[in-house]
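These notes are about the structure you will find just below.
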Amino acid sequence: MPLFAMRKESSPGTSPSAPATVRMVEVTDEHDGQRVDNFLFRLCKGVPKSHVYKAIRDGNVRVNKGRIQADHRLEKGDVVRVPPFRLPAPDAPRAVPPAEFPMVYEDEGMLVVDKPAGIAVHGGSGVAFGVIERLRAARPQAPMLELAHRLDRETSGLLMIAKKRNALLGLHRMFREGLGSKRYYALVQGDWVNDRQHIKLPLLKWTTASGERRVRVDREGQAAHTIVTLKQRFGRYSLVEAELRTGRTHQIRVHLAASGFPIVGDDKYGDDETRAAFARQGFNRMFLHAHQLTIPHPLTGETLDLHAPLPRACLQLLKTLESA
1 MPLFAMRKES
11 SPGTSPSAPA
21 TVRMVEVTDE
31 HDGQRVDNFL
41 FRLCKGVPKS
51 HVYKAIRDGN
61 VRVNKGRIQA
71 DHRLEKGDVV
81 RVPPFRLPAP
91 DAPRAVPPAE
101 FPMVYEDEGM
111 LVVDKPAGIA
121 VHGGSGVAFG
131 VIERLRAARP
141 QAPMLELAHR
151 LDRETSGLLM
161 IAKKRNALLG
171 LHRMFREGLG
181 SKRYYALVQG
191 DWVNDRQHIK
201 LPLLKWTTAS
211 GERRVRVDRE
221 GQAAHTIVTL
231 KQRFGRYSLV
241 EAELRTGRTH
251 QIRVHLAASG
261 FPIVGDDKYG
271 DDETRAAFAR
281 QGFNRMFLHA
291 HQLTIPHPLT
301 GETLDLHAPL
311 PRACLQLLKT
321 LESA
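Under full-length UniProt numbering, read the sequence shown as residues 1 to 324, first letter to last.
Structure follows, in structure tokens:
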């Protein structure tokens with residue numbers, strides 16, 4: 001008895017490396033009771049699992065003409081519609097490597113990770129893939145994973161990701177209405193004067209001749225508000241906490257630089273000589289870390305107070321400055 005009984009229906013526009021037709025596969029005794037995802041993995045050897053799960057989510061895989069979930073159990077005599085999966089070409093870009101990141105919080109609606117410095121939150125602008133693509137690759141069965149906000153590539157710390165559409169909309173609404181707070185630690189060049197200071201400078205996006213995105217203080221820009229609190233002095237440097245009251249691109253970086261206190265390691269708005277000096281000591285990043293997130297949960301309204309401690313490299317640098 002054959003493992004699979006097959007019928008065909010035409011499907012134009014498929015890749016030469018893939019079957020040229022949609023296949024209608026009848027389930028035999030051997031696969032009675034098997035999950036449909038495992039059934040497809042065996043039938044479509046070589047096809048990435050993420051492609052299979054996407055086809056199921058998109059409704060391109062059907063059982064007896066009906067949409068199903070990945071954990072649907074097949075019965076003898078069921079007819080499975082199998083779409084023409086494309087196999088990666090030999091010269092295709094490399095697959096996204098799956099990765100999980102340090103988890104700070106997770107429930108059915110959202111998750112919050114502690115993003116390392118040096119990793120973009122998403123692909124684009126010369127970056128093949130970022131946190132969100134790698135998380136999706138690590139969780140191919142997740143129906144949805146969407147960034148709720150952004151962190152710069154060289155900024156570490158708390159990053160929120162929605163797992164449901166209503167959670168994403170709730171987080172976006174929270175940001176629009178200015179609910180909750182996001183606090184960052186930054187090491188700045190200079191001896192910060194005030195214990196607490198409000199910086200309200202409008203910010204305007206612009207593009208350099210080479211196509212690089214930048215932000216500057218400009219009266220034609222959008223209103224921006226950052227509250228800066230002094231945490232510790234180190235002579236020529238200061239550790240401050242910056243609380244965002246608005247969420248403009250590069251807001252903390254530009255507000256601090258425009259106030260005469262650029263962030264250590266900032267390659268866009270900081271001091272090149274200072275960055276090079278710290279790099280020679282082994283500190284090769286920007287000292288900006290999203291350490292606290294206090295928000296109402298987008299689905300329950302419960303207050304979440306989440307924390308991410310300073311990374312080891314930042315703590316070591318502070319110890320070095322203390323002993324200098």
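Yeah, the Cβ is synthetic: ideal placement off N, Cα and C, and Gly gets one too.
In the DSSP assignment, what residue or residues form a beta bridge with residue i?
i, result
"glycine 77", "BP columns for glycine 77 are empty, so no partner."
"glutamate 241", "Tyr185 and Thr229"
"threonine 294", "Ser181 and Asp305"
"phenylalanine 234", "Tyr237"
"histidine 198", "Ile227"
"isoleucine 263", "Val188"
"valine 112", "Tyr105 and Met160"
"residue 347", "With the chain covering only 1 through 324, there is no way to say anything about residue 347."
"leucine 318", "Partner(s): none; leucine 318 has no beta bridge."
"histidine 72", "Partner(s): none; histidine 72 has no beta bridge."
Taking DSSP as the reference, what is the three-state secondary structure of residue i?
i, result
"histidine 31", "helix"
"arginine 312", "helix"
"valine 188", "strand"
"lysine 49", "helix"
"residue 327", "The first residue shown for the chain is 1 and the last is 324, placing residue 327 beyond what the model contains."
"proline 19", "Per-residue confidence for proline 19 stands at a pLDDT of 45, beneath the threshold of 50, marking its modelled position as unreliable; no derived number is given."
"methionine 174", "helix"
"threonine 155", "coil"
"aspartate 305", "strand"
"glutamate 146", "strand"
"serine 323", "helix"
"phenylalanine 67", "With the sequence shown as reference, residue 67 is identified as arginine, and phenylalanine is not the correct amino acid for it. DSSP places arginine 67 in strand when its eight states are reduced to three."
"lysine 268", "coil"
"leucine 169", "helix"
"alanine 258", "helix"
"alanine 162", "strand"
"arginine 214", "strand"
"glutamine 222", "strand"
"arginine 136", "helix"
"isoleucine 119", "coil"
"glutamate 273", "helix"
"valine 82", "strand"
"arginine 62", "strand"
"leucine 299", "coil"
"valine 131", "helix"
Can you list, in chain order, the residues of its chain whose CB lies under 8 Å from that of residue i, leaving out five sequence neighbours each side?
i, result
"glycine 118", "Arg153, Glu154 and Arg285"
"arginine 236", "Gln189, Gly190 and Asp191"
"glycine 59", "Arg67"
"tyrosine 53", "Asp37, Ala70, Pro140 and Gln141"
"glutamate 75", "Val27, Asp32 and Gly33"
"alanine 223", "Lys200, Pro202 and Thr246"
Who are the Cβ neighbours of residue i in its own chain at under 7 Å, not counting the five residues just before and after it?
i, result
"tyrosine 105", "Leu111, Val112, Leu304 and Leu306"
"phenylalanine 41", "Lys49 and Val52"
"tyrosine 269", "Arg253, Val254, Ala257 and Pro262"
"proline 102", "Val113 and Asp114"
"glycine 123", "Phe129, Gly130 and Glu133"
Give me, in chain order, the residues of the same chain whose beta-carbon lies closer than 6 Å to that of residue i; leave out the 5 immediate sequence neighbours on both sides.
i, result
"leucine 317", "Phe283"
"histidine 225", "Lys200, Arg245 and Thr246"
"aspartate 71", "Arg35"
"methionine 1", "Here the model assigns methionine 1 a pLDDT of 39, short of 50, so the residue's position is not dependable and the matter cannot be decided."
"isoleucine 227", "His198 and Glu243"
"leucine 239", "Leu187, Lys231 and Gln232"
"lysine 319", "none"
"proline 16", "Because proline 16 sits at a pLDDT of 41, beneath the cut-off of 50, its placement in the model cannot be relied upon, and the following sentence gives the value as read from the coordinates. So the list is empty, once near-sequence residues are dropped."
"serine 181", "Glu243 and Thr294"
"proline 19", "Low per-residue confidence applies at proline 19: pLDDT is 45, beneath 50, and the placement is therefore not dependable, though the value from the model is reported in the following sentence. Pro84."
"leucine 159", "Val113, Lys115 and Leu151"
"alanine 120", "Val127, Gly130 and Arg153"
"glutamate 100", "Ala138"
Determine whether the beta carbon atoms of residue i and residue j lie at a separation below 7 Å.
i, j, result
"valine 188", "leucine 135", "no"
"leucine 299", "glycine 109", "yes"
"leucine 151", "isoleucine 132", "no"
"leucine 204", "arginine 214", "no"
"arginine 253", "aspartate 267", "no"
"aspartate 78", "valine 63", "yes"
"glutamine 292", "arginine 219", "no"
"residue 399", "phenylalanine 234", "This structure cannot settle anything about residue 399, because the visible part of the chain is limited to 1 through 324."
"alanine 138", "proline 202", "no"
"alanine 290", "glycine 178", "no"
Q: Determine contact between the region 303-315 and the region 141-151, defined as no fewer than three beta-carbon pairs at a distance below 8 Å.
A: They do not touch, by the three-pair rule.
(message) When you compare the region 181-198 with the region 165-172, are there three or more beta-carbon pairs, one atom per stretch, that lie closer than 8 Å?
(response) Counting C-beta pairs closer than 8 Å gives fewer than three between the region 181-198 and the region 165-172, which falls short of the contact rule.
Cβ contact check for the region 248-255 and the region 273-282: 3 or more pairs under 8 Å: No: the two stretches stay apart, fewer than three of their Cβ pairs being nearer than 8 Å.
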